[in-house]
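**Q**
There are 2 protein chains.
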Amino acid sequence: MFMTLNSFQFSSGTCGFKKTKKPDLAIIYSNIPCTYAGVFTTNQIRAACVDENKALLKKKKKIRAIIVNSGNANACTGEKGVQSVKNTQKIAANLLKVKLDEVLIASTGAIGVQLDMQKMEAGIKSAVPRLNPENFKGAAKAILTTDRFVKSFSMGTKDFKIIGFTKGAGMIHPNMATMLCYLMTDLKMSQSLLQEAVNTAVNISFNNISVDADMSTNDMVIILSNNTSHREVKTSKDPLFLNFQKVLNESCIKLAKQIVLDGEGAQKLIEVTVSGAKTEENAKLIARSIASSNLFKCAIHGSDPNWGRAAAKIGCTNIKVNQNKIDILLNNTSVFRNGNPVAFNKVKLNKEIKKKKGVRVNVNLKLGKKSGTAFGCDLTKEYVNFNSAYFT
Amino acid sequence: MFMTLNSFQFSSGTCGFKKTKKPDLAIIYSNIPCTYAGVFTTNQIRAACVDENKALLKKKKKIRAIIVNSGNANACTGEKGVQSVKNTQKIAANLLKVKLDEVLIASTGAIGVQLDMQKMEAGIKSAVPRLNPENFKGAAKAILTTDRFVKSFSMGTKDFKIIGFTKGAGMIHPNMATMLCYLMTDLKMSQSLLQEAVNTAVNISFNNISVDADMSTNDMVIILSNNTSHREVKTSKDPLFLNFQKVLNESCIKLAKQIVLDGEGAQKLIEVTVSGAKTEENAKLIARSIASSNLFKCAIHGSDPNWGRAAAKIGCTNIKVNQNKIDILLNNTSVFRNGNPVAFNKVKLNKEIKKKKGVRVNVNLKLGKKSGTAFGCDLTKEYVNFNSAYFT
Numbered sequence: 197m198f199m200t201l202n203s204f205q206f207s208s209g210t211c212g213f214k215k216t217k218k219p220d221l222a223i224i225y226s227n228i229p230c231t232y233a234g235v236f237t238t239n240q241i242r243a244a245c246v247d248e249n250k251a252l253l254k255k256k257k258k259i260r261a262i263i264v265n266s267g268n269a270n271a272c273t274g275e276k277g278v279q280s281v282k283n284t285q286k287i288a289a290n291l292l293k294v295k296l297d298e299v300l301i302a303s304t305g306a307i308g309v310q311l312d313m314q315k316m317e318a319g320i321k322s323a324v325p326r327l328n329p330e331n332f333k334g335a336a337k338a339i340l341t342t343d344r345f346v347k348s349f350s351m352g353t354k355d356f357k358i359i360g361f362t363k364g365a366g367m368i369h370p371n372m373a374t375m376l377c378y379l380m381t382d383l384k385m386s387q388s389l390l391q392e393a394v395n396t397a398v399n400i401s402f403n404n405i406s407v408d409a410d411m412s413t414n415d416m417v418i419i420l421s422n423n424t425s426h427r428e429v430k431t432s433k434d435p436l437f438l439n440f441q442k443v444l445n446e447s448c449i450k451l452a453k454q455i456v457l458d459g460e461g462a463q464k465l466i467e468v469t470v471s472g473a474k475t476e477e478n479a480k481l482i483a484r485s486i487a488s489s490n491l492f493k494c495a496i497h498g499s500d501p502n503w504g505r506a507a508a509k510i511g512c513t514n515i516k517v518n519q520n521k522i523d524i525l526l527n528n529t530s531v532f533r534n535g536n537p538v539a540f541n542k543v544k545l546n547k548e549i550k551k552k553k554g555v556r557v558n559v560n561l562k563l564g565k566k567s568g569t570a571f572g573c574d575l576t577k578e579y580v581n582f583n584s585a586y587f588t
Numbered sequence: 197m198f199m200t201l202n203s204f205q206f207s208s209g210t211c212g213f214k215k216t217k218k219p220d221l222a223i224i225y226s227n228i229p230c231t232y233a234g235v236f237t238t239n240q241i242r243a244a245c246v247d248e249n250k251a252l253l254k255k256k257k258k259i260r261a262i263i264v265n266s267g268n269a270n271a272c273t274g275e276k277g278v279q280s281v282k283n284t285q286k287i288a289a290n291l292l293k294v295k296l297d298e299v300l301i302a303s304t305g306a307i308g309v310q311l312d313m314q315k316m317e318a319g320i321k322s323a324v325p326r327l328n329p330e331n332f333k334g335a336a337k338a339i340l341t342t343d344r345f346v347k348s349f350s351m352g353t354k355d356f357k358i359i360g361f362t363k364g365a366g367m368i369h370p371n372m373a374t375m376l377c378y379l380m381t382d383l384k385m386s387q388s389l390l391q392e393a394v395n396t397a398v399n400i401s402f403n404n405i406s407v408d409a410d411m412s413t414n415d416m417v418i419i420l421s422n423n424t425s426h427r428e429v430k431t432s433k434d435p436l437f438l439n440f441q442k443v444l445n446e447s448c449i450k451l452a453k454q455i456v457l458d459g460e461g462a463q464k465l466i467e468v469t470v471s472g473a474k475t476e477e478n479a480k481l482i483a484r485s486i487a488s489s490n491l492f493k494c495a496i497h498g499s500d501p502n503w504g505r506a507a508a509k510i511g512c513t514n515i516k517v518n519q520n521k522i523d524i525l526l527n528n529t530s531v532f533r534n535g536n537p538v539a540f541n542k543v544k545l546n547k548e549i550k551k552k553k554g555v556r557v558n559v560n561l562k563l564g565k566k567s568g569t570a571f572g573c574d575l576t577k578e579y580v581n582f583n584s585a586y587f588t
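Chains B and U are the protein sequences, given in the same order.
The first sequence runs 197 to 588 under the working numbering.
The second sequence runs 197 to 588 under the working numbering.
In structure tokens:
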């Protein structure tokens, strides 16, 4: 059952950016100004909306609304693209009766195409009157592109609620916010604490997933708090903050896994955990190296326990390893121990991988005590189809 | 017409490492000791043969023979794998009547499988009696794995000859030697000059290609000189050395392009040139970033002039760029100028890409005067098929 969250309303509309004519506009709106924190793509080729949102974050602005369109990324669109962001803010602010700098903008879709502002205006106009606390799923659906299913959650404790939705599918790679994600809570805290919480959650979830090693121009994770809970968190040591962080982490990991499993054409989740590293960052880097290997992704697609392709990726980063110390397990079956191949039942493991929705790779480097996890998906003919068979 | 090279003989044999029972053993042999230089994979997960060959290079050994087996990489095989390399050297040295440390070893194929030394011995035994200067193509064919065609060349001037062959197909990514390649010449020069020549050639050819961004455990480029030419090169400023370097560069670029075009399932060559960079290395890094983008590779597979996917990859490296200065051309058609999309005839460009075997991407960063090129290939359903549909 979906949980509504005091002050937040949602709506969806259709601008006509998508060839399918499916809904392609989402509005998130709050009756009261919200504390705003976020994480953005680290790609230097960025859409203008990313820069605009970052500027508002820096100014520590309270936020009233987020306008998200899918089907057109408004990236690589130069000065005209910047104007489109400003115009969208203007249209939305007018209709929503909020200030211009209380509106965040997000876009996702084709790169290098100017936004049709007439379509955008019509879409916003049609959506605003339908804002409603219950329209959460409609908004979550409207931001999707090639995603096959809606990815959302809502969780609550006696002291706070968190709800959120996300989209992923293609151009998914770590070291960035990785996709569009909107999180809303009522827990009362400062912007800096909210930022700390979202940084931590993104770092262990969306920053560790890869669908195709391509980094997007538009990605962002945004969290808003309307500060209406009966409790207030004042420091990051407060047990209530720790609990909030725990719930946020779990929610983001759940969403991140859903994104990977809904990677374009993906059929299997690949979960790689590297332990025995000197630092957590080292462990993650090697885990990501494996999770994003085209060859290993293809092997897993064929349910082939071809651990050699994973082994080869361990040595490809700039993290020093000793191949004679390394252990590898595939779905808890030991396949490589102290740098030596282990005899195992290939047919049994093949059948096991075939049956399940996911596969686990565990690597022990035996160089230290830190570990890290990355999530990837298999590479399929459908991925190639998705990304080659349509014409921009 | 193939050119033989005084002192060099070739042979191929069948050990039975390949399920297809096709030839899987090549011998390169020289009647006289050869100066030896080479470049090796930078992957820390390396096959034992790579370490052995590097040790011989360090000792400045003269070389008499190279034994190459395909179908089994003998990588991730621990101490037993090291012994297999030593045993192969022993068997070959005995049969070829050369010293043990005059034999280089190379392997390519499945990772993590121990070499069957009985099969190896039988293969070498059957191949040695058939050594012949004319068996060049047979040897070039025997080292292939999933390659669809033999990649070789021979070139000569009045002062020297160079012949060579290579294999590629999968697990092809820069920052390494990138595949197996054997080059032979007669031009008389020191080991250090020969090493300088091969470093330069690899740097502008094999180090700039990507099929699937996976880096192999076994890759090497080896060059041998039997020093029998009537001319001797003493310094790298000698016009004859410069001419040799030029011929070697051209040959390696030709082979590198053939490797990419024969990438698993590849149908189109993607040639990316980045200019206006501050350093050549910066230009190459960005060119490689584009050439290895799964999304752009898929677009090109569909002949879709989706330059936005290339643009997105420009900002993903740690090289600082200014998106408002960037120009992009696709097959000489301007699609992005000073950070703004340019209107162009999409249908015409789509048809043009469809017709040709390759596509050219030109990026101008307008930050400096250096440029660099990288080669990639499209991503196809056949690639996925190749790498998922067989069982290790």
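For each residue, glycine too, the CB sits at the ideal point set by N, CA and C.
(1) Spatial neighbours of B/D500 within its chain, please: CB distance less than 7 Å, with the 5 preceding and 5 following residues excluded, ordered by chain position.
(2) When DSSP builds the beta bridges, which residues end up paired with U/I359?
(3) If you drop the 5 nearest sequence neighbours on each side, which residues of the same chain put their C-beta closer than 6 Å to that of U/V264?
(4) Could you spell out the range, first to last residue, of the beta strand (DSSP E) harbouring U/L311?
(5) Any chance the region 516-525 of chain U sits against the region 556-564 of chain U, with 3 or more Cβ pairs inside 8 Å?
(6) Span of the beta strand (DSSP E) holding U/R427?
(7) Would you tell me roughly how many angstroms separate the C-alpha atoms of U/G554 and B/A508, rounded to the nearest one?
(8) So what's B/Q387 in DSSP terms, helix, strand or just coil?
(9) Counting only Cβ-Cβ distances shorter than 8 Å, please list the residues of the region 229-262 of chain U near chain B, keeping chain order.
(10) Opposite B/S226 in the DSSP bridges: which residues?
(11) For the 8 Å Cβ check, are there 3 or more pairs between the region 214-234 of chain U and the region 327-342 of chain U?
(12) Check each candidate in U/K566, U/N518, U/G459 and name the one with the smallest Cα separation from U/F582.
(13) Kindly indicate which three-state DSSP category B/K433 falls into: helix, strand or coil?
(14) Looking at the unbroken beta strand (DSSP E) that takes in B/R326, where does it start and where does it end?
(15) For a cutoff of 8 Å on Cβ pairs, would you count U/I455 as touching chain B?
(16) Closer than 8 Å is the cut-off here; do at least three beta carbon pairs connect the region 317-330 of chain B with the region 282-293 of chain B?
(17) Any idea what DSSP makes of U/N283, helix, strand or coil?
(18) Which residue wins for smallest C-alpha separation from U/Q441, given the options U/A393, U/I359, U/S266, U/I419?
(19) What three-state label does DSSP hand U/C460 in the structure shown?
(20) Is the CB of U/K577 under 8 Å away from at least one CB in chain B?
(21) Less than 7 Å separating the Cβ of B/N268 from some heavy atom of the ligand FAD?
(22) Taking B/Q519 as the reference, give the member of U/L376, U/N239, U/G305 with the closest Cα.
(23) Tell me the rounded alpha-carbon separation between U/N371 and U/V309.
(24) Do you know offhand how far U/D312's Cα is from U/F532's?
(25) Is any beta-carbon of chain U found at less than 8 Å from that of B/C272?
(26) Decide if U/T431 is buried, meaning its Cβ has at least 16 other Cβ atoms within 10 Å, or exposed.
(27) Hey, which unbroken runs of the beta strand (DSSP E) at 3 residues or more fall wholly within the region 210-276 of chain U?
(28) Does the region 200-214 of chain U come into contact with the region 562-575 of chain B, if we say contact requires no fewer than three beta-carbon pairs (one atom in each stretch) closer than 8 Å?
(29) Would B/R242 be called buried (16 or more neighbouring beta carbons within 10 Å of its own) or exposed?
(30) Are U/F213 and U/N249 close, meaning C-beta to C-beta below 8 Å?
(31) DSSP on B/P370, reduced to helix/strand/coil?
(32) Secondary structure at U/D523, three-state DSSP: helix, strand or coil?
(33) For the putative contact between B/A570 and B/A483, defined by C-beta atoms under 8 Å, what is the C-beta separation to the nearest angstrom?
(34) Cβ of U/K321 within 8 Å of Cβ of U/K347?
(35) In terms of residues, what are the limits of the alpha helix (DSSP H) holding U/L491?
(36) Based on DSSP bridge pairs, tell me the residues matched to B/V417.
**A** According to the data block:
(1) Looking up residue 500 of chain B in the first sequence gives position 304. Correct list, in chain order: N546.
(2) Here residue 359 of chain U refers to the residue found at position 163 when the second sequence is read from its first residue. Its beta-bridge partners are U/S350, U/M380.
(3) The sequence position of residue 264 of chain U within the second sequence is 68, counting from 1. Excluding residues within five positions, the ones whose Cβ falls inside 6 Å are A222, A302, I339.
(4) Here residue 311 of chain U refers to the residue found at position 115 of the second sequence. In the DSSP annotation of this structure, U/L311 is not part of any beta strand (DSSP E), being labelled neither H nor E.
(5) Touching, per the Cβ criterion.
(6) One-based indexing of the second sequence puts residue 427 of chain U at position 231. Where U/R427 is concerned, there is no enclosing beta strand (DSSP E), because DSSP gives it neither an H nor an E.
(7) One-based indexing of the second sequence puts residue 554 of chain U at position 358. One-based indexing of the first sequence puts residue 508 of chain B at position 312. Those two C-alpha atoms are separated by around 30 Å.
(8) Counting from 1 along the first sequence, the entry for residue 387 of chain B is found at position 191. Here B/Q387 sits in helix by DSSP.
(9) Answer set for the region 229-262 of chain U: N239, Q240, I241, R242.
(10) The sequence position of residue 226 of chain B within the first sequence is 30, counting from 1. DSSP output for B/S226 lists B/F204 as bridge partner(s).
(11) Yes, the region 214-234 of chain U touches the region 327-342 of chain U.
(12) As a first step, residue 582 of chain U is located in the second sequence; it is residue number 386 there, counting from the start. Nearest C-alpha to U/F582: U/G459.
(13) The residue given as residue 433 of chain B occupies position 237 in the first sequence. The three-state secondary structure of B/K433, taken from DSSP, is coil.
(14) To locate residue 326 of chain B, count along the first sequence from 1; it is residue 130. Counting along the chain, B/R326 falls outside any beta strand (DSSP E), and DSSP gives it neither H nor E.
(15) To locate residue 455 of chain U, count along the second sequence from 1; it is residue 259. U/I455 is outside the set of residues whose beta carbon lies under 8 Å from a beta carbon in chain B.
(16) Yes, they touch.
(17) Sequence index remark: in the second sequence, residue 283 of chain U carries index 87 (1-based). Helix, per DSSP.
(18) Taking the second sequence and counting its residues from 1, the one referred to as residue 441 of chain U is at position 245. The shortest Cα separation from U/Q441 among U/A393, U/I359, U/S266, U/I419 belongs to U/A393.
(19) As a first step, residue 460 of chain U is located in the second sequence; it is residue number 264 there, counting from the start. According to the sequence shown, residue 460 of chain U is Glu rather than Cys. In the three-state DSSP reduction, U/E460 falls in the coil class, being neither helix nor strand.
(20) Position 381 of the second sequence, counting from 1, holds the residue named residue 577 of chain U. Using beta-carbon distances, U/K577 counts as an interface residue toward chain B, with a partner under 8 Å.
(21) Questions concerning the ligand FAD fall outside what the structure shown contains, since it holds no ligand whatsoever.
(22) In the first sequence, residue 519 of chain B corresponds to position 323, counting from 1. For the residues U/L376, U/N239, U/G305, the minimum Cα distance to B/Q519 belongs to U/N239.
(23) As a working note, residue 371 of chain U is residue 175 in the second sequence. As a working note, residue 309 of chain U is residue 113 in the second sequence. Bear in mind that the predicted position of U/N371 carries a pLDDT of just 48, short of 50, making it too unreliable to give a figure here.
(24) Sequence index remark: in the second sequence, residue 312 of chain U carries index 116 (1-based). Sequence index remark: in the second sequence, residue 532 of chain U carries index 336 (1-based). C-alpha separation (whole angstroms): 55 Å.
(25) Looking up residue 272 of chain B in the first sequence gives position 76. Output row for B/C272: interface = yes.
(26) Start at 1 with the first residue of the second sequence, and residue 431 of chain U comes out as number 235. Classification for U/T431: exposed.
(27) Listed in chain order, they are 221-236, 259-268.
(28) The region 200-214 of chain U makes no contact with the region 562-575 of chain B: fewer than 3 CB pairs, one atom from each, lie closer than 8 Å.
(29) Counting from 1 along the first sequence, the entry for residue 242 of chain B is found at position 46. By the neighbour-count criterion, in which a residue is buried when 16 or more other Cβ atoms sit within 10 angstroms of its Cβ, B/R242 is buried.
(30) Translated into positions along the second sequence, residue 213 of chain U becomes position 17. Translated into positions along the second sequence, residue 249 of chain U becomes position 53. Judged by beta-carbon spacing, U/N249 lies beyond the 8 Å limit of U/F213, meaning their Cβ atoms are not closer than that value.
(31) Residue mapping note: residue 370 of chain B aligns to position 174 of the first sequence, counting from 1. Any reading at B/P370 is ruled out, since the residue's pLDDT is 47, under 50, leaving its predicted position unreliable.
(32) Here residue 523 of chain U is taken as the residue at index 327 of the second sequence, counted from 1. Strand, per DSSP.
(33) Counting from one through the first sequence, the residue named residue 570 of chain B turns up at place 374. Counting from one through the first sequence, the residue named residue 483 of chain B turns up at place 287. 4 Å between Cβ atoms; contact.
(34) Stepping through the second sequence from its first residue, residue 321 of chain U is reached at position 125. Stepping through the second sequence from its first residue, residue 347 of chain U is reached at position 151. In this structure, U/K321 sits away from U/K347, with a CB-CB distance that is not shorter than 8 Å.
(35) On the second sequence, residue 491 of chain U is found 295 positions in, with the first residue counted as 1. Note, U/L491: alpha helix (DSSP H), 490-497.
(36) Here residue 417 of chain B refers to the residue found at position 221 of the first sequence. Paired residues: B/V235, B/C377.
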